[in-house]
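Take the sequence shown: its position 378, counting from 1, is numbered 378 in the UniProt record's numbering, and each next residue is one higher.
Beta carbons are placed, not taken as given, at the ideal position from N, Cα and C, and that holds for glycine.
Remember, predicted model here, so these are calculated numbers, not experimental data.
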Amino acid sequence: MNAELCFTQGAELAHKGDALQALELFHQAISLRPDYAEAYNGIGALLINMNNLDEAEFYLQRALELKADYPEALFNLGTLFSRTSLLEEAEICLRETISCEPGFPEAHFRLGMVLKQMERLDEAEHHLELAIRLRSGFIEAEFALGVLYLLQGQYEKGWRGYELRRKIFSACDSGYNWKLEDLIGQKIVLFHEQGFGDTIHFVRYAQEIEKVASEVVLFLPKQLERLMSASFKNSTIQTDEKMVGEYTFSCPLPSLPFMFHTTLHTIPSPIPYIKADSNLINKWSEMLKKVIKDQSFTIGVVWAGNPNHKNDKNRSIPFHVFKQLFSLQEVNWVSLQMDEKAADLQTVSHQVIDFHENISDFAETAGLIENLDLIITVDTAVAHLAGAMGKETWLLLPIDPDWRWQVKGQESLWYPTIRIFRQIHRGDWQDVLVRVKTNLEVKLKK
1 MNAELCFTQG
11 AELAHKGDAL
21 QALELFHQAI
31 SLRPDYAEAY
41 NGIGALLINM
51 NNLDEAEFYL
61 QRALELKADY
71 PEALFNLGTL
81 FSRTSLLEEA
91 EICLRETISC
101 EPGFPEAHFR
111 LGMVLKQMER
121 LDEAEHHLEL
131 AIRLRSGFIE
141 AEFALGVLYL
151 LQGQYEKGWR
161 GYELRRKIFS
171 ACDSGYNWKL
181 EDLIGQKIVL
191 FHEQGFGDTI
201 HFVRYAQEIE
211 KVASEVVLFL
221 PKQLERLMSA
231 SFKNSTIQTD
241 EKMVGEYTFS
251 CPLPSLPFMF
261 HTTLHTIPSP
271 IPYIKADSNL
281 INKWSEMLKK
291 VIKDQSFTIG
301 VVWAGNPNHK
311 NDKNRSIPFH
321 VFKQLFSLQE
331 VNWVSLQMDE
341 KAADLQTVSH
351 QVIDFHENIS
361 DFAETAGLIE
371 NLDLIITVDT
381 AVAHLAGAMG
391 KETWLLLPID
401 PDWRWQVKGQ
411 ESLWYPTIRI
421 FRQIHRGDWQ
431 DVLVRVKTNL
441 EVKLKK
């Protein structure tokens with residue numbers, strides 16, 4: 001078999017998803033023809049998909065040594081750099097790609113995403129629009145542009161693009177064409193689609209639907225069942241799809257802003273719309289009395305989100321940076337951190353109260369939050385819960401935050417009691433924590 005045939009068969013297998021066989025054939029092509037740039041690029045692209053990024057970079061750099069101005073290799077190298085947060089390097093590679101091949105829609109899309117991460121939003125918008133123009137039906141780019149509009153506060157333009165997430169992530173269209181008046185006297189099922197925080201964020205719309213529908217069913221994760229039962233007494237809470245029964249209308253919770261044509265000025269804001277159960281409030285009051293010192297200010301903290309979230313490495317704060325807050329000894333520090341990250345507290349167990357073994361669901365978390373004076377948290381479900389409860393909350397955000405927090409300002413239009421502390425320089429949490437600590441010292445003196 002000659003090198004070209006090995007490469008062609010390898011490319012076919014790669015397209016079918018047989019990465020290991022494709023790699024073998026690409027390597028065979030190189031053994032037959034050591035200067036085969038396309039085979040090096042093929043290996044690099046596959047290794048990126050396998051998350052073997054160091055080795056991928058070697059093969060892509062080799063492809064470019066053998067074939068200068070090779071747009072596919074430049075694109076793959078730019079993609080690799082964007083995956084490793086080397087955004088400036090990614091931008092250079094992607095601009096070189098476009099210089100070589102101006103009509104490369106995926107390169108414009110990838111560059112748009114990189115520029116968004118750098119908060120250069122006008123440039124990002126330009127390249128996403130170009131990607132859409134160059135490739136009809138490029139729904140990933142249309143979705144990204146919708147999210148970009150939301151980030152900029154252009155909700156009227158953003159929601160339609162945001163709906164495309166259903167095609168990308170669920171392989172189905174939303175297909176929800178009802179109007180609010182259609183629900184009069186009808187049953188509707190509202191179902192969760194994303195994480196706990198997203199569910200808490202969007203469930204506010206259920207109160208609007210309760211005003212017209214005869215029956216509202218909230219289909220939610222088990223961890224939210226008790227919390228929502230205490231807060232939405234006019235809705236039926238279900239965690240088992242088999243128990244939902246027959247219905248005419250349905251909608252995923254994240255599609256409700258689109259259905260309601262929400263603008264910056266029409267965000268439903270009946271804060272608090274999440275309420276803790278009174279028995280749990282009393283339970284946590286008694287538990288706190290046993291461990292806190294006198295009547296000092298009591299603050300709940302969360303420094304890390306779900307490690308499986310795509311943006312977790314940017315939105316979570318290394319504990320060795322976050323823990324400087326605990327030097328303020330006039331505060332009762334209470335950890336609201338869950339999962340394996342709660343183990344970080346072992347080094348400061350004498351400074352922070354840890355209840356994570358006593359918290360079984362979000363109803364318990366809400367009961368505890370109601371007894372605290374302030375919440376300091378990264379962008380995770382606790383931020384949404386505290387905001388929905390109307391609790392004073394300081395939210396610590398990275399550059400390139402989630403769309404609902406926008407990119408400027410200290411206030412949240414969705415949660416009036418949240419104050420935002422933003423990164424000024426990418427990855428620099430130290431500066432954020434210094435500002436938080438300074439503001440906290442001022443607050444404690446009042």
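7 Å CB neighbourhood of residue i in its chain, flanking five on each side removed
{"i": "Gln9", "result": "Leu25"}
{"i": "Gly390", "result": "Ile271, Pro272 and Thr417"}
{"i": "Asp69", "result": "Cys100"}
{"i": "Gln351", "result": "Phe326 and Trp333"}
{"i": "Gly78", "result": "Ala90, Cys93, Leu94, Thr97 and Arg110"}
{"i": "Leu23", "result": "Ile43 and Leu46"}
{"i": "Glu142", "result": "Ile132, Gly161 and Leu164"}
{"i": "Asp344", "result": "Phe319"}
{"i": "Val114", "result": "Ser82, Leu87, Ala90, Glu91 and Leu94"}
Cutoff 8 Å; reference residue i; Cβ partners in own chain excluding five residues on either side
{"i": "Glu330", "result": "Ser296, Phe297 and Leu444"}
{"i": "Asp431", "result": "Gln423, Ile424 and His425"}
{"i": "Lys157", "result": "Gly146 and Tyr149"}
{"i": "Trp159", "result": "Gly146, Leu150, Pro257, Phe258, His261 and Thr262"}
{"i": "Phe7", "result": "Leu25, Phe26, Ala29, Tyr36, Glu38, Ala39 and Gly42"}
Chain D within 9 Å of residue i, Cβ atoms only
{"i": "Leu148", "result": "Among the chains of the structure shown, chain D does not appear; only one protein chain is present."}
Extent of the continuous alpha helix (DSSP H) run through residue i
{"i": "Asp122", "result": "Leu121 to Leu134"}
{"i": "Arg110", "result": "Pro105 to Gln117"}
{"i": "Gly197", "result": "Phe196 to Phe202"}
{"i": "Val432", "result": "Trp429 to Lys445"}
{"i": "Gly44", "result": "Ala37 to Asn49"}
{"i": "Glu241", "result": "Here Glu241 belongs to no alpha helix (DSSP H), and DSSP marks it neither H nor E."}
Contact under 9 Å by Cβ, residue i with residue j
{"i": "Tyr59", "j": "Leu74", "result": "no"}
{"i": "Phe334", "j": "Leu385", "result": "Looking at the sequence provided, one finds Val at residue 334 rather than Phe. Result no, Cβ atoms of Val334 and Leu385 do not sit closer than 9 Å."}
{"i": "Ala90", "j": "Arg120", "result": "no"}
{"i": "Thr380", "j": "Asn306", "result": "yes"}
{"i": "Asn314", "j": "Gly427", "result": "yes"}
{"i": "Gly112", "j": "Ala144", "result": "yes"}
{"i": "Pro252", "j": "Arg135", "result": "no"}
{"i": "Val378", "j": "Leu336", "result": "no"}
{"i": "Ala107", "j": "Lys116", "result": "no"}
{"i": "Ser412", "j": "Leu440", "result": "no"}
Limits of the beta strand (DSSP E) - the one that residue i falls within
{"i": "Ile418", "result": "Ile418 to Arg422"}
{"i": "Asn332", "result": "Val331 to Ser335"}
{"i": "Thr262", "result": "Where Thr262 is concerned, there is no enclosing beta strand (DSSP E), given that its DSSP letter is neither H nor E."}
{"i": "Leu183", "result": "Unbroken run through Leu183: none, as it is neither H nor E."}
{"i": "Asp312", "result": "Taken as a continuous stretch (DSSP letters only), Asp312 belongs to no beta strand (DSSP E), being part of the alpha helix (DSSP H) at Asp312 to Arg315."}
{"i": "Asp354", "result": "Val352 to Asp354"}
Chain-order list of residues whose beta-carbon lies under 6 Å from that of residue i (same chain, five-residue window excluded)
{"i": "Glu392", "result": "Leu374 and Thr417"}
{"i": "Ile281", "result": "Gly367 and Glu370"}
{"i": "Met338", "result": "His356"}
Option in the options with minimal Cα separation from residue i
{"i": "Val217", "options": "Ile237, Lys313 and Thr266", "result": "Ile237"}
{"i": "Val321", "options": "Glu370, Trp429 and Arg62", "result": "Trp429"}
{"i": "Arg349", "options": "Lys323, Ala366, Ile369 and Thr365", "result": "The question names Arg, yet the displayed sequence has Ser at residue 349. Checking every option, the nearest Cα to that of Ser349 belongs to Lys323."}
{"i": "Leu183", "options": "Lys211, Arg166 and Arg165", "result": "Lys211"}
{"i": "Leu80", "options": "Arg62, Asn49, Glu65 and Glu106", "result": "Asn49"}
{"i": "Lys388", "options": "His265, Arg204 and Lys408", "result": "For the record, residue 388 in the displayed sequence is Ala; it is not Lys. The residue with the shortest Cα to Cα distance from Ala388 is Arg204."}
(message) With a threshold of 8 Å, are at least 3 pairs of Cβ atoms found where one atom belongs to the stretch 146-153 and the other to the stretch 174-189?
(response) Pairwise C-beta distances place the stretch 146-153 out of contact with the stretch 174-189, as fewer than three of them are shorter than 8 Å.
(message) Using 8 Å as the cut-off, can you tell me whether the stretch 74-87 makes contact with the stretch 95-114, which would need three or more C-beta pairs spanning the two stretches below that distance?
(response) They touch, by the three-pair rule.
(message) Contact between the stretch 254-265 and the stretch 280-291 is defined here as three or more beta-carbon pairs at a separation below 8 Å; is this criterion met?
(response) In short, these stretches do not touch, since the Cβ pair count stays below three.
(request) Mind the definition here: the stretch 207-224 touches the stretch 178-197 only if three or more C-beta pairs lie below 8 Å; say whether that holds. (result) Taking a cut-off of 8 Å on C-beta distances, the stretch 207-224 touches the stretch 178-197, as three or more cross pairs fall below it.
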